[in-house]
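Single-structure report; data block below.
There are 2 protein chains.
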Amino acid sequence: MGESRLMPLHAVILAGGIGERFWPLSRRDRPKQFLALFGARTLLQQTSDRLEGWIPADRRWIVAPGTLMPEIRRQLPELREDRCIVESVARNTAAAIGAAAALIAALDPGAFVLVLPADHWIPDIEPFRRAAERTLAAAEETGGLHLFGIPVGYPETGYGYIEQGTPLAGHDGVHAVSRFHEKPDRERALAYAKRTDMLWNAGIFLWKAGTILDAIGQWMPAMRGGIDGLRAALREDGGRLGPKATPALDRYFRGAPSESIDSAVLEKHGAVFVTRAGFRWSDVGSWLSWADHRETDTNGNRGEGRLLLHDTSDCVLYSSGDGVLAALGVRNLIVVRVKDVTLVCARDRAQEVRDLVRDARDRDDLKELF
Amino acid sequence: MGESRLMPLHAVILAGGIGERFWPLSRRDRPKQFLALFGARTLLQQTSDRLEGWIPADRRWIVAPGTLMPEIRRQLPELREDRCIVESVARNTAAAIGAAAALIAALDPGAFVLVLPADHWIPDIEPFRRAAERTLAAAEETGGLHLFGIPVGYPETGYGYIEQGTPLAGHDGVHAVSRFHEKPDRERALAYAKRTDMLWNAGIFLWKAGTILDAIGQWMPAMRGGIDGLRAALREDGGRLGPKATPALDRYFRGAPSESIDSAVLEKHGAVFVTRAGFRWSDVGSWLSWADHRETDTNGNRGEGRLLLHDTSDCVLYSSGDGVLAALGVRNLIVVRVKDVTLVCARDRAQEVRDLVRDARDRDDLKELF
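Listed in order, the protein sequences are those of chains H and F. Numbering of the first sequence is given in this note's numbering, commencing with residue 1048 and proceeding in unit increments. Numbering of the second sequence is given in this note's numbering, commencing with residue 1048 and proceeding in unit increments.
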């Protein structure tokens, strides 16, 4: 589909997630994107699979810390080494997106960029591509920054919300963004869920490489020097990460503030648009969210692995490998069993797994398990 | 202490338990007596340790199925091979006790026998020995069958009870047994706990070898042939398990009914006595019972291993080896983590672990884990 356009579409997969909320299955060196949470392929592989036959390998990029790159390249053998952008220091999405945009613009000055988190659940490929193509067509016309919004399914308190504004004429389902809303409390989430003009912010973006670079420079003055240095070095290296650009990229990350593209740029920028995207989506932010996308047994249990359940209901259960997870007379629990760790968590405390992991990572006696 | 008596005291450890209630730590080939549930030594080793320096190795006997003997001999290197009595078919305590009595009587016609379960918790050795010595002195006088009774600590529904009768003159704390009471329901247990004449039946016995053989023959007519055959063969083999007695022992077990010594003999016999035994004791019948003998943290949790607890209370937690068991926001659970299995169980359902195991042992897809 994209092949016929004048302006090629590149894809950037942000794969720098740090694996806290799926502990103990996820670990520091095995974050969520590396896990096969839905089927045989990992979330990272499924993200790449969504591009297959659509965006060719020489236009697929990955941004991640160097520590994760060997596993990324093992999982994605088709990935080109010169499309791997190493974050020498872990920053947030703004720095990662800026680096990718600079590299892509150096090769392909008019290129558009689709930015994808590596660890989301999007089970259906075709509706996803159609939404991306609609967004690309709109972005070619607006020259703005485009987001993907998911019609609200239920009052989720874990997502940011986008309030849609004026429709973009001639582009069905594309609207100017009226306002961004932070993760709401329960009451607000209930109100948002009743409105048809509120969308979940899926963290998926589409824009021209040069446009996002200009916007980052405009709204994040601290990044201007780094971007300019990186672009100049790339020109010296003929558009590639050669002997000049490689250290410039390192300097760029070291000097970059750790901010999200949403709060640092998108919420301030004028020309921001959202596409109402009909595909099924989740950021799979916790074991509970993972379970939401699975079938239940007759007692409301959801899970995977070798389970042996007696008089057990409304539990989320995961057991890795050949090991068995047995439950007797319990309910409303999340239980995750891997070889060296088992986590037992109240069903309504799934979000706090992250805090538990952050605490334990500092403990000398436990850190090897986190 | 026993060394100075005319009639030597032998000890018989009953080690045929089948490991259901401590699953998943216990397995078919690793029953409770093989587990180090309290400290570094296993329950079997601790049972043998109680005899050290008191009953010499040539008067210590073990009865167990042949499948368990290699591990028993590994755990008890001091055990003499000719003191290992193999149950060729797993029967109950009456058959095991009868076989041991026959072998001991063949070597030592006037011997007394102390019968000990291999899997009980008795942390203090001296009070235990004093109770045994008091019982031996009484048994030498009465020629009867003697039991050990533990003053009731709380309304336990999992133990059988002994109602004491007339005191035996000249033997402090030794009484004729007035009546045996089955495991009571909750209401009866509460009533028993208020009485000073009720004792827990600890399943520990002391009697002359010949006396228990006669009593078994009297109350279990089906065992007479087996006992007579075994004793005759032992005489032919000079009192040892030689070429005649070894097959006779096999025939003895094959022909024996599977009955407990309590219900088949003691509850019917006339001259039965109980010693009020002051040592701390538990049959450690479940994970909950195990936890009762451990200290709690400030939130009422009891456990062992690498535990990581956040906002967790009144749980029983066991994690084997280097593995971690983490809990977040839960209470009143029993959680047992071993490498290949985790069990999560409601605190008040500990007794049902046995049923879960019995069900699962028949399942082809699970039996290797039970």
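Even glycine gets a Cβ: it sits at the ideal position worked out from N, Cα and C.
TODO: Could you check how far apart the C-beta atoms of ARG1405 of chain H and GLU1134 of chain H are, in whole angstroms? I think they sit under 8 Å.
DONE: With a Cβ gap of about 20 Å, ARG1405 of chain H and GLU1134 of chain H do not count as contacting.
- [ ] Find out if the Cβ-Cβ distance for the pair LEU1084 of chain H, LEU1163 of chain H is shorter than 8 Å.
- [x] no
Task: Collapsed DSSP secondary structure at LYS1079 of chain H in the structure displayed - done: helix
TODO: Report buried or exposed for TYR1299 of chain H, applying the criterion of at least 16 other Cβ atoms within 10 angstroms of its Cβ.
DONE: buried
- [ ] Pick out whichever of H:ILE1381, H:PRO1304 and H:ILE1197 has its Cα sitting closest to the Cα of LEU1246 of chain H.
- [x] H:ILE1197
- [ ] Quick one: residues in its chain with C-beta nearer than 7 Å to the C-beta of ALA1240 of chain H, no 5 flanking neighbours on either side, listed in chain order?
- [x] VAL1199, TYR1201 and PRO1202
Task: Counted within 10 angstroms of its Cβ, other Cβ atoms place ASN1346 of chain F as buried (16 or more) or exposed - done: exposed
Task: ALA1148 of chain F versus ALA1256 of chain F: straight-line alpha-carbon distance, rounded - done: 5 Å
Open item on the list: By the three-class DSSP mapping on this structure, what secondary structure does TRP1334 of chain F have?
Closed with: helix
Task: Proximity below 8 Å, CB of ALA1393 of chain F to CB of LEU1375 of chain F - done: no
Open item on the list: I'd like to know if ARG1384 of chain F contacts chain H, where contact means its C-beta is closer than 8 Å to some C-beta of that chain.
Closed with: yes
Open item on the list: Contact criterion: CB-CB distance below 8 Å. Does VAL1391 of chain H meet it with respect to chain F?
Closed with: yes
TODO: State the DSSP-derived secondary structure class of ALA1250 of chain H, mapped to helix, strand or coil.
DONE: Sequence inspection shows Gly at residue 1250 of chain H; the Ala mentioned does not correspond to that position. Of the three classes helix, strand and coil, the one that applies to GLY1250 of chain H here is strand, per DSSP.
Task: Residue interval of the alpha helix (DSSP H) (run including GLU1266 of chain F) - done: A quick correction: the sequence has Trp, not Glu, at residue 1266 of chain F. Looking at the DSSP string, the run of the alpha helix (DSSP H) that includes TRP1266 of chain F is 1256-1266.
Open item on the list: Can you tell me whether THR1345 of chain F is helix, strand or coil according to DSSP?
Closed with: coil
Open item on the list: Suppose you measure from the CA of ASP1261 of chain H to the CA of GLU1306 of chain H; what does that come to, to the nearest Å?
Closed with: 16 Å
- [ ] Using the DSSP secondary-structure output, state which residues sit across from VAL1388 of chain F in a beta bridge.
- [x] H:VAL1371
- [ ] Under 8 Å by Cβ, that's how I've got ALA1280 of chain F and ALA1292 of chain F pegged, so tell me the actual separation to the nearest angstrom.
- [x] 4 Å
Open item on the list: Which residues does DSSP list as the beta-bridge partners of LEU1061 of chain F?
Closed with: F:VAL1110 and F:PRO1164
Open item on the list: Given a cut-off of 8 Å on the beta-carbon distance, is the pair ASP1244 of chain F and ASP1369 of chain H in contact?
Closed with: no
Open item on the list: Taking contact to mean 3 or more Cβ pairs, one atom from each stretch, closer than 8 Å, check whether the segment 1129-1146 of chain F and the segment 1104-1111 of chain F are in contact.
Closed with: yes
Task: Validate contact between the segment 1089-1096 of chain H and the segment 1112-1129 of chain H using beta carbons, cut 8 Å, 3 pairs - done: yes
TODO: Starting from the beta carbon of ASP1468 of chain H, find every residue of chain F whose beta carbon is closer than 8 Å, and list them in chain order.
DONE: Summary: the structure shown does not reach residue 1468 of chain H, with chain H confined to residues 1048 through 1417, and so no result is reported for it.
Task: Closer than 8 Å at the beta carbon, the chain H residues around VAL1377 of chain F - done: LEU1380, VAL1391, CYS1392 and ALA1393
- [ ] Please name the residue in F:THR1343, F:ALA1104 and F:PHE1326 whose C-alpha comes closest to that of ALA1179 of chain F.
- [x] F:PHE1326
Open item on the list: I'd like to check one pair, LEU1355 of chain F with VAL1371 of chain F: are the Cβ atoms closer than 8 Å?
Closed with: yes
Task: ALA1249 of chain H versus SER1333 of chain H: straight-line alpha-carbon distance, rounded - done: 16 Å
TODO: Spatial neighbours of ALA1338 of chain F within its chain, please: CB distance less than 6 Å, with the 5 preceding and 5 following residues excluded, ordered by chain position.
DONE: ARG1349 and VAL1363
Open item on the list: ALA1153 of chain H and GLY1286 of chain H - do their beta-carbons sit closer together than 8 Å?
Closed with: yes
Open item on the list: Can you pull out the residues from the segment 1337-1351 of chain F whose beta carbon lies closer than 8 Å to at least one beta carbon of chain C?
Closed with: No chain C is part of this structure, whose protein chains are labelled H and F.
- [ ] At 8 Å on the CB atoms, spell out the chain H contacts of GLU1399 of chain F, in chain order.
- [x] HIS1357, LEU1375 and GLY1376
- [ ] Using 7 Å as the cut-off, classify the Cβ of GLU1415 of chain H as near or not near the heavy atoms of the ligand ZN, replying yes or no.
- [x] With respect to the ligand ZN, the structure shown offers nothing to examine, as it has no ligands at all.
- [ ] Pull up the distance between the alpha-carbon of GLY1352 of chain F and that of VAL1382 of chain F, whole angstroms please.
- [x] 12 Å
Open item on the list: Just to confirm, is the Cβ distance from LEU1042 of chain F to ALA1058 of chain F under 8 Å?
Closed with: Not covered by the structure: residue 1042 of chain F. The range shown for chain F is 1048 to 1417.
Open item on the list: To be precise: take each residue of the segment 1071-1084 of chain F, compare its Cβ to all Cβ atoms of chain H, and keep it if any distance is under 8 Å. Which residues remain?
Closed with: PRO1071
TODO: Could you tell me which chain H residues have their CB closer than 9 Å to the CB of ALA1185 of chain F, listed as they occur along the chain?
DONE: Simply none; closest approach about 44 Å.
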